[in-house]
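Student: In the working numbering, the protein residues as written are 26 to 523.
1. Going straight from the alpha carbon of residue 129 to that of residue 115, what length do you get?
2. Using 8 Å as the Cβ pair cut-off and three pairs as the minimum, do the region 140–155 and the region 213–223 touch?
3. For residue 289, I'd like the list of residues in its chain whose CB is within less than 7 Å of its CB, leaving aside the five on either flank, ordered along the chain.
4. Less than 8 Å between the CB atoms is what I'm expecting for residue 497 and residue 428, so what's the real figure, rounded?
5. May I ask you to report which of helix, strand or coil DSSP gives residue 496?
6. Hey, residue 155 and residue 172: beta-carbon distance below 8 Å or not?
7. Do the CB positions of residue 484 and residue 518 come within less than 8 Å of each other?
8. Per DSSP, what are the beta-bridge partners of residue 481 in this structure?
9. What are the residues that DSSP puts in a beta bridge with residue 525?
10. Cα separation between residue 21 and residue 212?
11. Just mark residue 135 as buried or exposed, buried being the case when its beta carbon has 16 or more other beta carbons within 10 Å.
12. Among the candidates 411, 476, 504 and 495, whose CA atom is the shortest distance from the CA of residue 423?
13. Buried or exposed: residue 49, going by 16 or more other Cβ atoms within 10 Å of its Cβ?
14. Should residue 85 and residue 226 be called a contact, given that it needs their Cβ atoms to be closer than 8 Å?
15. By DSSP, does residue 469 sit in helix, in strand, or in coil?
16. For residue 61, does the three-state DSSP call read helix, strand or coil?
17. Under three-state DSSP, which class holds residue 198?
18. Excluding the 5 residues preceding and the 5 following residue 239 in the sequence, name in chain order all residues of the same chain whose CB lies nearer than 7 Å to its CB.
19. Determine the closest residue to residue 402 out of 414, 247, 412 and 420, with distance taken between C-alpha atoms.
20. Do residue 59 and residue 87 have their CB atoms nearer than 8 Å?
21. Suppose contacts are defined by Cβ-Cβ distances below 8 Å. Is residue 192 in contact with residue 326 by that definition?
22. Going straight from the alpha carbon of residue 413 to that of residue 425, what length do you get?
23. Could you say which of 118, 241, 180 and 61 lies nearest to residue 127 if we only look at CA atoms?
24. Just list the residues that DSSP pairs residue 73 with in beta bridges.
25. Residue 273 by DSSP, collapsed to three states: which one?
26. Return yes when the Cβ of residue 120 is within less than 8 Å of the Cβ of residue 237, no when it is not.
27. Is residue 331 helix, strand or coil when you go by DSSP?
28. Assuming residue 329 and residue 313 form a contact by the criterion Cβ under 8 Å, report the distance between their Cβ atoms to the nearest whole angstrom.
29. Spatial neighbours of residue 269 within its chain, please: C-beta separation below 6 Å, excluding the five flanking residues on both sides.
30. What is the DSSP secondary structure of residue 268, counted as helix, strand or coil?
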């Protein structure tokens, strides 16, 4: 069977099967209660069956098992090759993991562990990245341990990329359709007939399923479908890159899958910077941002379809470009990527001032900055105070270091027997005459010196004229360190340690 006829027949076979069985899968899913209910994260308002991945799984696997032996010289015995056996086992495993998640709503760590196990299974079955291509004609042979890491990472990355982008009707299925068509074209160029069946069956399954999944959708693919599509793209692209330095290198699918990969890689960065849990779903994905910009669901899906087609055309152009022009082709998606990130507001998360501020906070918290180490030295001096007078002298040094204008320390009555001073005061010499407590520019801070036992030793009162100088970025943090240090010393005084 010739490549073109095999591609057409497998495409229409998969599409027909998906068209026929998706309605039955949807009704079965509704009866079993496997549905997606409206929530704050969802954009749909009705209860929609979410086990459509079953239709994608059946249509792909049946088509693949029928047409792969027809295009192979070895016939049906080719299905018994180690790579093909583990490819099918991996597809069944990731599908079952996704379906289990659709039914039981698994925790993120169970899902992530399952995805890693599927990646390990694929690598063990001989489907692995053996050459790392950075150009179309030059590759670097990888040691087995590095091949394992890259293979598992690629599988997990694509599984999550399709899963995260599956947030609007028809979005994930349409993206996989266009990416499959792009990679199918590359398979024709590089004469890989076995992969032609895989990408044709995948494209046909997605198109048939889109009949019911496009807005307004009557069935969702669920995690079973998104996991399966991501796995198939990952495993098929790895098979295309195996023992190859040329056209179907991993760089090509990276370009073709630009939209979901961009969304997946930005998600953990965004959640980390915003202090959110890394695996907790949010509404910061690309399609959510476009919706907030005022576009309708259909318009958002069409925009992302267009971006995917653009990335696919760029990937094809990269293949046909000569070595000296290949790098210029990548400038196009590079500019597109920058403009997209800027338009979606992601540059706010990675602005230079925010990154510098984060690094500054990190070094201060770790005690690496000179200012933090200097104040830590003053804290040590306070802790070594032998009397209340020594304590106050060292506290004054700390207050002056923090650039306050006045400090007062009041002790509770008769708390320290034999110590006559119940009030201590310090002020900056130049502030004695110019400090007006009624002015609105005075920053006043009153802190109770309360131990963990509930004992209150007194009150520390601090005043700063912010008109004279601004507050430091870390002033309040240092003041809290000072308060706790004073309490620690007073605890020892009260217990009679000194």
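Note that beta-carbon positions come from the ideal geometry of N, C-alpha and C, so glycine has one too.
It should be emphasised that the depicted structure is a prediction, and the values quoted were computed from it without experimental measurement.
Tutor: Walking through what the data contain:
1. Sequence index remark: in the chain shown, residue 129 carries index 104 (1-based). Sequence index remark: in the chain shown, residue 115 carries index 90 (1-based). Near 21 Å, if we compare the C-alpha coordinates of residue 115 and residue 129.
2. no
3. As a position in the chain shown, residue 289 is number 264, starting the count at 1. Cβ neighbours of residue 289 beyond the five flanking positions: 182, 185, 186 and 189.
4. On the chain shown, residue 497 is found 472 positions in, with the first residue counted as 1. On the chain shown, residue 428 is found 403 positions in, with the first residue counted as 1. The pair is a contact, with the Cβ atoms about 7 Å apart (cut-off 8 Å).
5. Walking along the chain shown from the start, residue 496 turns up at place 471. Residue 496 falls in the coil class under three-state DSSP.
6. Position 130 of the chain shown, counted from the first residue, corresponds to residue 155. Position 147 of the chain shown, counted from the first residue, corresponds to residue 172. Yes, the Cβ-Cβ distance between residue 155 and residue 172 is below 8 Å.
7. Counted from its first residue, the chain shown places residue 484 at position 459. Counted from its first residue, the chain shown places residue 518 at position 493. Result no, Cβ atoms of residue 484 and residue 518 do not sit closer than 8 Å.
8. Your numbering for residue 481 matches position 456 in the chain shown. Answer by DSSP bridge pairing, in chain order: 475.
9. In this structure the chain extends from 26 to 523, so residue 525 is not present and cannot be described.
10. In the structure displayed, the chain extends from 26 to 523; residue 21 sits before or after that span and is not available.
11. As a working note, residue 135 is residue 110 in the chain shown. Label assigned to residue 135: exposed.
12. Here residue 423 refers to the residue found at position 398 when the chain shown is read from its first residue. Here the closest residue by C-alpha is 504.
13. Residue 49 sits at position 24 when you count from the first residue of the chain shown. By the 10 Å Cβ count, residue 49 comes out exposed.
14. Along the chain shown, read from residue 1 onward, the residue named residue 85 stands at position 60. Along the chain shown, read from residue 1 onward, the residue named residue 226 stands at position 201. Yes, Cβ-Cβ distance for residue 85 and residue 226 is below 8 Å.
15. Translated into positions along the chain shown, residue 469 becomes position 444. It is a strand residue.
16. Reading the chain shown from its first residue, position 36 is the one you call residue 61. If DSSP states are grouped into helix, strand and coil, residue 61 belongs with the strands.
17. By one-based count along the chain shown, residue 198 stands at place 173. Residue 198: helix per DSSP, three-state reduction.
18. Translated into positions along the chain shown, residue 239 becomes position 214. Taken in chain order, the residues that qualify are 194 and 195.
19. Within the chain shown, residue 402 is the residue found at index 377, counting from 1. Taking only the C-alpha atoms, the option nearest residue 402 is 420.
20. Here the question's residue 59 lines up with position 34 in the chain shown. Here the question's residue 87 lines up with position 62 in the chain shown. Cβ atoms of residue 59 and residue 87: not closer than 8 Å.
21. The residue labelled residue 192 in the question sits at position 167 within the chain shown. The residue labelled residue 326 in the question sits at position 301 within the chain shown. Contact flag unset, no.
22. Walking along the chain shown from the start, residue 413 turns up at place 388. Walking along the chain shown from the start, residue 425 turns up at place 400. Cα to Cα, residue 413 sits roughly 18 Å from residue 425.
23. Along the chain shown, read from residue 1 onward, the residue named residue 127 stands at position 102. The shortest Cα separation from residue 127 among 118, 241, 180 and 61 belongs to 61.
24. Within the chain shown, residue 73 is the residue found at index 48, counting from 1. Looking at the DSSP assignment, residue 73 forms a beta bridge with 61.
25. Counted from its first residue, the chain shown places residue 273 at position 248. Note that residue 273 scores a pLDDT of 43, beneath 50, so its modelled location is shaky; the value from the coordinates is reported in the next line. DSSP places residue 273 in coil when its eight states are reduced to three.
26. What you label residue 237 is simply residue 212 of the chain shown in a count that begins at 1. What you label residue 120 is simply residue 95 of the chain shown in a count that begins at 1. No, they are not a contact pair.
27. Reading the chain shown from its first residue, position 306 is the one you call residue 331. Correct three-state label for residue 331: helix.
28. Here residue 329 is taken as the residue at index 304 of the chain shown, counted from 1. Here residue 313 is taken as the residue at index 288 of the chain shown, counted from 1. That belief does not hold up - the Cβ atoms of residue 329 and residue 313 are roughly 12 Å apart, past 8 Å.
29. Within the chain shown, residue 269 is the residue found at index 244, counting from 1. With a pLDDT of 49 at residue 269, under the threshold of 50, the predicted position of this residue should be treated as unreliable, and no value is reported.
30. Residue numbering aside, residue 268 sits at position 243 when the chain shown is read from its first letter. The pLDDT assigned to residue 268 is 47, lower than 50, so where the model puts this residue is not dependable; a value taken from the coordinates is nonetheless given after this. Correct three-state label for residue 268: coil.
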